[in-house]
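Student:
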Ligand code: FAD
Ligand code: DLZ
Ligand code: SF4
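Numbering (full-length UniProt numbering), first residue to last: 4 to 512.
#1: Report yes if the C-beta of residue 311 is less than 7 Å from at least one heavy atom of ligand 1; otherwise report no.
#2: Within 10 angstroms of its Cβ, does residue 456 collect 16 or more other Cβ (buried), or is it exposed?
#3: When DSSP labels each residue in this structure, what does residue 465 get in the three-state scheme?
#4: Taking a contact to mean a Cβ-Cβ separation below 8 Å, would you say residue 2 touches residue 468 in this structure?
#5: For residue 439, count neighbouring C-beta atoms within 10 Å of its own C-beta (all shown protein chains included) and say buried if the count is 16 or more, exposed if not.
#6: At a cut-off of 7 Å, is residue 304 close to ligand 4 when judged by its beta-carbon and the heavy atoms of the ligand?
#7: What does DSSP give as the partner residue(s) for residue 129 in the beta ladder?
#8: Is it buried or exposed, residue 356, if we count other Cβ atoms within 10 angstroms and call 16 or more buried?
#9: Which residue wins for smallest C-alpha separation from residue 307, given the options 259, 265 and 354?
#10: Would DSSP call residue 71 helix, strand or coil?
#11: Taking 8 Å as the cut-off, decide whether the C-beta atoms of residue 79 and residue 32 are in contact.
#12: Jot down the residue ranges of each uninterrupted alpha helix (DSSP H) in the region 251 to 327, minimum 4 residues, whole runs only, in chain order.
#13: Below 6 Å CB to CB, which residues in the same chain sit around residue 462 once its five sequence neighbours on both sides are set aside?
#14: What residues in its chain sit with their C-beta under 6 Å from that of residue 16, if we drop five residues either side in the sequence?
#15: Using 8 Å as the limit for Cβ to Cβ distance, is residue 173 near chain D?
#16: For residue 224 versus residue 364, is the C-beta distance shorter than 8 Å?
#17: Start and end of the beta strand (DSSP E) containing residue 9?
#18: Enumerate in chain order the residues of its own chain whose CB-to-CB distance from residue 12 is below 6 Å, with the five nearest sequence positions on each side excluded.
#19: Looking at the structure shown, is residue 233 part of a helix, part of a strand, or coil, going by DSSP?
#20: Take residue 324 as the anchor and find which of 198, 66 and 110 has the nearest alpha-carbon.
#21: Considering only heavy atoms of ligand 3, does any lie closer than 7 Å to the CB of residue 54?
#22: Compare the C-alpha of residue 516 against each of 447, 228, 496 and 420 and name the closest.
#23: If we ignore side chains and look at the alpha-carbon of each, how far apart do residue 314 and residue 96 end up?
#24: First and last residue of the beta strand (DSSP E) that includes residue 31?
#25: I need the straight-line Cα distance from residue 346 to residue 388, nearest angstrom please.
#26: Please report the distance separating the alpha-carbon of residue 221 from that of residue 35.
#27: Within 10 angstroms of the Cβ of residue 496, are there 16 or more other Cβ atoms? Answer buried if so, exposed if not.
#28: Can you grab the Cα-Cα spacing for the pair residue 422 / residue 335, in whole Å?
#29: DSSP on residue 343, reduced to helix/strand/coil?
#30: Less than 8 Å between the C-beta atoms of residue 555 and residue 175, yes or no?
#31: What three-state label does DSSP hand residue 171 in the structure shown?
#32: For residue 244, count neighbouring Cβ atoms within 10 angstroms of its own Cβ and tell me buried if that reaches 16, exposed if not.
#33: Among residues of its own chain, excluding the 5 on either side of residue 404, which ones have a beta-carbon nearer than 7 Å to its beta-carbon?
#34: For residue 81 and residue 263, what's the separation of their Cα atoms in angstroms?
#35: Run the proximity test for residue 115: is its beta-carbon closer than 7 Å to any non-hydrogen atom belonging to ligand 3?
#36: Is residue 360 helix, strand or coil when you go by DSSP?
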C-alpha cells in the first residue's frame, strides 16, 4: 500500500518534515477536521474558522502541487471526532504500508501519535518538526549547562546560530545584543496615519466554514462579524509585506504602547500565520534584517522584532518541551480564585480590561503588552487559579497552541512556575498602565487613588499581591524596592489598602 501522511491543522507548510522526502505518487496525505480539536478547550469562534478554512485552502494547495489528499470534514457522517478514529478509517480505505507524521505541538496530541504504532500494528515514523531554529536536543543541551535559564543568553546563541544581525567578525550589529531600553516609548496621539493590518474578504470556502462554525459553536466565546484573517499563504504574505512597509519602522518604539480602540498599532498580526505554518519565521526575520540593511527600518525595530521570534518564541517552545506535561499544573503562588465572568464578556468598568477583552472577543487578538500587563497582570494580582487563566488564553487567541501559550501564560505572566521562565513577576499597578496607554483618561476609576470608591483597582491589588506573597517573593532582588516602599508605609495605610483590595476581590465572586 501507499504511505499515509497525516497533516495536522498547525502543519500547513508544503515541505513540512513528514512530506519533504515522500513520493507524491506513492503517498496519501490525510487532513482531519475533528470535534476533539475544536472542543478540548472551547476555542474562540474566529480561531476555529481560521484554522479550518486555512486547512481547506492548504489541501487545495497540496493537490495543486501534485499530492493526493484525503480530507475529512467536520460534518462528514462517519466522523467520530478524533484523530485516531479518522486515521483508523483512513487505514481501512487505503491499506497503507506505513504512517509518517510530523510531531504534534502539544503533549496531549503527542501521546495520541505515539500510541498509533501499537494500536494499528503498522510502522509509524514521527518526524521532528524542524520549522524552528533550535531542536529539542539542542535546547536540552543548552538548558543542562545553565541555571537559572534566561532568555537573553539563549537569544545570543540563536543570533550566532542564525547569523541574523551579526557583523562579519561575529559581534552583534551595532555593538549591543539588545535594544529593549529604546522600545518603551509611551503611545503617540491617535491619528489617521497609523498602520492598519490588511483585512481579507472571506471567499466562498471561508464563508461556508463561517456558517458552519456559527451554527456548531454558537456557545463559544467570540464574534465572527469582524473575521478578516488571511487563510492562504499568498494572503498571509500580503500581510507580511504590509507589516514590513508600514509598521516595522516604528515597531520598536511603540512595542509596549496601548491606545483605546486601536487593537493593532505597530504590531505585525502575523502570529496566527506563523503558528499554523503559512509564514516561515526565519524567512520573516531575514526580510526584517534586509529592511534594516537597506536603511528602511532602525536597528531597535529590527532587533526587537527578531528577538521576539528567534529569542522569545524559540525559548518558550524549548521550555514547554523541556519541562514536561506536568508544567500545566504548577501553581507556585497557590492562587485559587475563579476567573471573573467579565473575562468572557468584557463587561467591567475597568476601561483597560474592557478594551483588552473587548478586542479579544471581536478579533481573537490582543498584542503582547495587553496580554501581559492588562489581562495577565490583573489575574496575577487578583490571585486567579493559573490553570483557569491558561485555559482562557488557549481558547481566546487565534495564535494559541499549548506549546507557545502555556509557558507565556503560566510562566511569564502568572509566575506559577516560581521564576523558571522569568526572573520576577510581571506585576504592576495603575501607574504603569497610565504611562503606557491612554486608557485611564476614559476610565470611571482614578488611577492616582489607592483607596476609596473611585480608586483604580490595580493599585490596592498590587500592594495586596506583594503583601500576600511576602514569604515567597521578598527575597527576590528585583522586588526589593517595592517591598521597601511597602514596609515603610504607615501601618494604617497598609491596613486601608489591604481592606480596599479585600472588598474588591469579594466583589468579583
Ligand atoms: P508582534 O508584536 O508583531 O511580534 C512578532 C512575533 O514575535 C509574533 O508574531 C510572535 O510570533 C513572536 N512573539 C512575540 N512575543 C512572543 C512570545 N512571548 N512568545 C512567543 N512568540 C512571541 N503568542 C503566540 O503566538 N501564541 C500564544 O498563544 C500566545 N499566548 C500568550 C499569552 C500571554 C499571557 C502572553 C503574555 C503572551 C502570549 N503570546 C502568545 C506572545 C505574544 O503576545 C504574541 O505572540 C503576539 O501578541 C502576537 O501578535 P503579533 O503577531 O502582532 O506580534
Ligand atoms: C486548534 C485546532 C482546531 C480548532 N481544529 C483542528 C482540526 O479540526 N484538525 C486539526 O488537524 N487540527 C486542529 N486544530 C489544531 C490542533 O489542535 C493542533 O494541530 C494540535 O494542537 C497540535 O498538537
Ligand atoms: Fe485601568 Fe485603573 Fe487606568 Fe481604569 S484607572 S484604565 S482600571 S489602570
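For glycine and all other residues, C-beta sits at the position ideal for the given N, C-alpha and C.
Tutor: Taking the coordinates as given:
#1: Residue mapping note: residue 311 aligns to position 308 of the chain shown, counting from 1. Under cutoff, so the answer is yes.
#2: If you number the chain shown from 1, residue 456 lands on position 453. Exposed, by the Cβ-count rule.
#3: Within the chain shown, residue 465 is the residue found at index 462, counting from 1. In the structure shown, residue 465 sits in a helix (DSSP, three-state: H, G or I).
#4: The shown model of the chain, from 4 to 512, leaves out residue 2, and the question about it has no answer.
#5: Taking the chain shown and counting its residues from 1, one reaches residue 439 at position 436. Label assigned to residue 439: buried.
#6: Looking at this structure, you won't find ligand 4 anywhere; what it does contain is ligand 1, ligand 2 and ligand 3.
#7: Counting from 1 along the chain shown, the entry for residue 129 is found at position 126. Assignment of beta-bridge partners to residue 129 by DSSP yields 104.
#8: Start at 1 with the first residue of the chain shown, and residue 356 comes out as number 353. Buried.
#9: Working through the chain shown from its first residue, we reach residue 307 at position 304. With distances taken between Cα atoms, residue 307 lies closest to 259.
#10: On the chain shown, position 68 is the one that residue 71 refers to. Three-state DSSP puts residue 71 in a strand.
#11: On the chain shown, position 76 is the one that residue 79 refers to. On the chain shown, position 29 is the one that residue 32 refers to. In this structure, residue 32 does not lie closer than 8 Å to residue 79 by Cβ.
#12: If one requires a minimum length of 4 residues, the alpha helix (DSSP H) runs lying completely within the region 251 to 327 are 251 to 254, 274 to 279, 284 to 296, 302 to 309 and 317 to 326, in chain order.
#13: On the chain shown, position 459 is the one that residue 462 refers to. Here the set comprises 432, 433 and 453.
#14: Walking along the chain shown from the start, residue 16 turns up at place 13. Cβ neighbours of residue 16 beyond the five flanking positions: 280.
#15: Note that chain D does not occur in the displayed structure, where there is just one protein chain.
#16: Your numbering for residue 224 matches position 221 in the chain shown. Your numbering for residue 364 matches position 361 in the chain shown. Yes.
#17: On the chain shown, residue 9 is found 6 positions in, with the first residue counted as 1. Segment 6 to 10, the beta strand (DSSP E) holding residue 9.
#18: The sequence position of residue 12 within the chain shown is 9, counting from 1. Taken in chain order, the residues that qualify are 54 and 58.
#19: Residue 233 sits at position 230 when you count from the first residue of the chain shown. DSSP places residue 233 in coil when its eight states are reduced to three.
#20: As a first step, residue 324 is located in the chain shown; it is residue number 321 there, counting from the start. With distances taken between Cα atoms, residue 324 lies closest to 110.
#21: Mapped onto the chain shown, residue 54 falls at position 51. Incorrect: residue 54 has no Cβ contact closer than 7 Å to ligand 3.
#22: The question about residue 516 has no answer here: the residues shown for the chain are numbered 4 through 512.
#23: Position 311 of the chain shown, counted from the start, is the residue given in the question as residue 314. Position 93 of the chain shown, counted from the start, is the residue given in the question as residue 96. Roughly 44 Å between the two C-alpha positions.
#24: As a first step, residue 31 must be located in the chain shown, where it is residue number 28. Start and end: 30 to 35.
#25: One-based indexing of the chain shown puts residue 346 at position 343. One-based indexing of the chain shown puts residue 388 at position 385. Going from the Cα of residue 346 to the Cα of residue 388 covers about 14 Å.
#26: As a position in the chain shown, residue 221 is number 218, starting the count at 1. As a position in the chain shown, residue 35 is number 32, starting the count at 1. C-alpha separation (whole angstroms): 21 Å.
#27: Mapped onto the chain shown, residue 496 falls at position 493. Residue 496 comes out exposed.
#28: What you label residue 422 is simply residue 419 of the chain shown in a count that begins at 1. What you label residue 335 is simply residue 332 of the chain shown in a count that begins at 1. Residue 422 and residue 335 have their alpha carbons spaced roughly 9 Å apart.
#29: Position 340 of the chain shown holds residue 343. If DSSP states are grouped into helix, strand and coil, residue 343 belongs with coil.
#30: Residue 555 is absent from the model: the chain starts at 4 and stops at 512.
#31: By 1-based counting over the chain shown, the position of residue 171 is 168. Note: residue 171 maps to coil in three-state DSSP.
#32: Translated into positions along the chain shown, residue 244 becomes position 241. Its Cβ having fewer than 16 others within 10 Å, residue 244 is exposed.
#33: Taking the first residue of the chain shown as 1, we reach residue 404 at position 401. Cβ within range, chain order: 13, 108, 109 and 278.
#34: Within the chain shown, the letter at position 78 stands for residue 81. Within the chain shown, the letter at position 260 stands for residue 263. Cα-Cα distance, rounded: 47 Å.
#35: Here residue 115 corresponds to residue number 112 of the chain shown, with the count starting at 1. No, the Cβ of residue 115 stays beyond 7 Å of every heavy atom of ligand 3.
#36: For the purposes of this step, residue 360 is taken as the residue at position 357 of the chain shown. In the three-state scheme derived from DSSP, where H, G and I count as helix and E and B as strand, residue 360 is classed as helix.
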